[in-house]
């Protein structure tokens, strides 16, 4: 059980920080679009999707390490793979 699910103050702090992360990602994506580094069909939704996916993958990798879990493809780094895929998918044409 995560601490945030049983401590309202922890949940509030995490929600506020996640909101800030989403706003910062939107600003980054707008700048990347303006400078033609990446292209997005919908920069706002791409930013939310990106921020939450990265957040989830970081939590997953932390849980694996903290729980000393062994995985089939432990040498694989899901976060790196996701970032590479995301950049390919949103590359300017």
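Residue numbers (our numbering): 861 to 953. Note that the Cβ used here is the ideal one computed from N, Cα and C, for glycine as well.
{"query": "Inter-stretch contact at 8 angstroms, needing at least 3 Cβ pairs: the stretch 873–883 / the stretch 895–913", "result": "yes"}
{"query": "Local conformation of residue 898 per DSSP, three classes", "result": "strand"}
{"query": "Strand pairing of residue 951, partner residues [DSSP]", "result": "898"}
{"query": "N-terminal and C-terminal residue of the alpha helix (DSSP H) that residue 921 is part of", "result": "903–926"}
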